[in-house]
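**Student:** Before I ask anything, let me first share the structure, which is written out below as structure tokens.
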Amino acid sequence: AEDKALLALLSVAGTEIPGELCHSEMNLIKDRLQVNCSGLGLTEVPSALPNTTGILLLNTNHLASVSTASFQHLPELIELDLSGNRLGALHTGAPLPLLQELILSHNALAVLPTLQGLPALTHLELNLRGNRLRMLPEKAFEGLTGLKDLDLSDNALEEL
Numbered sequence: 095a096e097d098k099a100l101l102a103l104l105s106v107a108g109t110e111i112p113g114e115l116c117h118s119e120m121n122l123i124k125d126r127l128q129v130n131c132s133g134l135g136l137t138e139v140p141s142a143l144p145n146t147t148g149i150l151l152l153n154t155n156h157l158a159s160v161s162t163a164s165f166q167h168l169p170e171l172i173e174l175d176l177s178g179n180r181l182g183a184l185h186t187g188a189p190l191p192l193l194q195e196l197i198l199s200h201n202a203l204a205v206l207p208t209l210q211g212l213p214a215l216t217h218l219e220l221n222l223r224g225n226r227l228r229m230l231p232e233k234a235f236e237g238l239t240g241l242k243d244l245d246l247s248d249n250a251l252e253e254l
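Each residue of the sequence shown is one higher than the last, beginning at 95 in the numbering used here.
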């Protein structure tokens with residue numbers, strides 16, 4: 095009976111641990127709740143994040159594929175750091191209307207998806223050392239009228 099209770103406890107704890115391991119604090123400069131899930135070895139985006147999260151640090155994990163749908167429950171999200179993961183795919187079907195900064199450096203992206211679902215994006219960092227971008231889709235940046243900073247250095251781009 096003890097073994098079953100312990101197993102049940104571990105099963106429940108295992109689903110919640112990633113969200114609980116993330117450190118949350120107010121970013122006083124940006125007046126937003128910042129949740130730091132950096133370097134936790136995560137293979138998926140934690141679902142137990144506060145819905146008031148404004149800045150989410152998911153850098154230096156083991157994320158291979160991420161969808162913007164994973165962040166739909168974070169309506170105040172303005173910054174997302176996905177650098178230093180193993181991202182080979184970024185699916186941007188679900189809009190993130192307030193997202194202003196997206197950091198994708200040091201991943202394994204070979205293709206950049208179109209980013210129309212991110213109209214508030216003003217800073218897109220693609221300092222992609224170790225990535226494999228060879229081309230950009232024709233409409234990759236369509237609708238990003240506020241885009242101010244774009245860094246495509248250290249890629250294998252053959253044409254722009």
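Note that beta-carbon positions come from the ideal geometry of N, C-alpha and C, so glycine has one too.
Would you mind reading off the limits of the beta strand (DSSP E) that contains SER118?
**Tutor:** Unbroken beta strand (DSSP E) run through SER118: 117-121.
**Student:** Quick one: what does DSSP say LEU254 is sitting in, helix, strand or coil?
**Tutor:** Coil, per DSSP.
**Student:** Where does THR147 fall in DSSP's three states?
**Tutor:** Three-state result, THR147: strand.
**Student:** Restricting to Cα atoms, I'd like to know which of THR146, ALA202 and LEU209 is closest to GLY187.
**Tutor:** When only C-alpha atoms are compared, the closest one is LEU209.
**Student:** Expressed to the nearest angstrom, what Euclidean distance is found between the alpha-carbon atoms of PRO140 and PHE235?
**Tutor:** For PRO140 and PHE235, the distance between alpha carbons rounds to 28 Å.
**Student:** By how many angstroms is the C-alpha of PRO213 removed from the C-alpha of THR239?
**Tutor:** If I take the Cα positions, the gap works out to 8 Å.
**Student:** From what residue to what residue does the beta strand (DSSP E) around ASN130 run?
**Tutor:** Segment 126-130, the beta strand (DSSP E) holding ASN130.
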